[in-house]
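Peer 1: All letters in the sequence shown, in the order written, are residues 762 to 907 by the working numbering. For each residue, glycine too, the CB sits at the ideal point set by N, CA and C. Sharing a structure here in structure tokens format.
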Amino acid sequence: ERRPDVLTFTTDPLDHPVEIIGNVHCELYIRSSSEFTDFCVRLCDVYPDGRSINICDGFIRVEPGKCELHKDGSLQAQIDLWATAYRFLSVHRIRLLVSSSAHPRWARHTNTANPLNDTVVRVAEQTIYHDSDHPSALILPVMEIT
């Protein structure tokens, strides 16, 4: 979370518990200098003392034809973080991390079409869009707590 190549989005402290049950996914509008790259997302619970605990994560291996291409050249990527059941407590924060790698959790990507064990590695410049034309979002299955 402290790496300069990781985007971090964190809510304000919650004023009530938030319970999620079901499939979590992230919709990202992206652009990359490489046709072959990865995008990784991680959902975390941030405790009042600052500890950040991983709840679930997912990634997409981007290649030509895998994501929806928009007229402006951006790609719409759907990233499945799988199903989970979790309760974020009051005063905790919900955090989303977005990066282009999560090694060793996911195998490294060379940002080329070559095999992943190739020694040729390219640096890719990544862009995440978040505006009215590119509504990147984390979709949580929030349940009513009674």
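How many angstroms separate the CA atom of residue 904 from the CA atom of residue 814?
Peer 2: The residue labelled residue 904 in the question sits at position 143 within the sequence shown. The residue labelled residue 814 in the question sits at position 53 within the sequence shown. Going by the C-alpha atoms only, they are around 21 Å apart.
Peer 1: For a quick check, are the C-beta atoms of residue 821 and residue 800 less than 8 Å apart?
Peer 2: For the purposes of this step, residue 821 is identified with residue 60 of the sequence shown, where counting begins at 1. For the purposes of this step, residue 800 is identified with residue 39 of the sequence shown, where counting begins at 1. The answer is yes: Cβ separation under 8 Å.
Peer 1: Just list the beta strand (DSSP E) runs in the segment 797-858, keeping only unbroken ones of 3 residues or longer that don't cross its boundaries, in chain order.
Peer 2: Those beta strand (DSSP E) runs which fall completely within the segment 797-858 and span 3+ residues are 798-807, 813-823, 836-849.
Peer 1: To the nearest angstrom, how far is it from the Cα of residue 888 to the Cα of residue 778?
Peer 2: In the sequence shown, the residue the question calls residue 888 occupies position 127. In the sequence shown, the residue the question calls residue 778 occupies position 17. Spanning the two alpha carbons is a distance of roughly 33 Å.
Peer 1: Are residue 857 and residue 775 closer than 8 Å when you measure CB to CB?
Peer 2: Translated into the one-based positions of the sequence shown, residue 857 becomes position 96. Translated into the one-based positions of the sequence shown, residue 775 becomes position 14. No, they are not a contact pair.
Peer 1: To the nearest angstrom, how far is the alpha carbon of residue 873 from that of residue 768?
Peer 2: Here residue 873 refers to the residue found at position 112 when the sequence shown is read from its first residue. Here residue 768 refers to the residue found at position 7 when the sequence shown is read from its first residue. Taking the straight line joining both Cα atoms gives about 23 Å.
Peer 1: Since I believe residue 834 is in contact with residue 792 (beta carbons under 8 Å), could you give me their beta-carbon distance rounded to a whole number of angstroms?
Peer 2: In the sequence shown, the residue the question calls residue 792 occupies position 31. In the sequence shown, the residue the question calls residue 834 occupies position 73. Indeed they touch by this definition, with Cβ atoms about 6 Å apart.
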